[in-house]
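Single-structure report; data block below.
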């Protein structure tokens, strides 16, 4: 399924998200607790929409958690760090992650 960009965009914008378990599976680890997740069954999902809309405090709380999650875990830096660990390897005994060599840009 891949990463659900529409969901990440809504989270980043500070919008509360109600989604299905299948869509939530494509999100980064830990994102699910910042969302409202309900089974994809029409009557139950419709009830969840009404229940969620009826609780403005919960909407605000989830939206704030979701936005903070995206800002912390869905940045270029965090994704590059994951890639770096996959390519270069695990942390050293001193707790440092080896870095990929980065070519300095030439000026001129």
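Numbering (our numbering), first residue to last: 27 to 134.
For every residue, glycine included, the Cβ atom is placed at its ideal position computed from N, Cα and C.
These numbers come from a predicted model, not from an experiment.
Check	Outcome
Using 10 angstroms around the beta-carbon of residue 34, count the other beta-carbons present and answer buried if the total reaches 16, otherwise exposed.	buried
Which one of 39, 64 and 41 has the shortest CA to CA distance from residue 50?	64
Determine, using beta carbons only, whether residue 42 and residue 86 come nearer to each other than 9 angstroms.	yes
Between the region 50-62 and the region 89-99, do at least 3 Cβ pairs fall closer than 8 angstroms?	yes
Taking 9 angstroms as the cut-off, decide whether the C-beta atoms of residue 40 and residue 89 are in contact.	yes
Please classify residue 69 as buried or exposed, where buried requires at least 16 neighbouring CB atoms within 10 angstroms.	exposed
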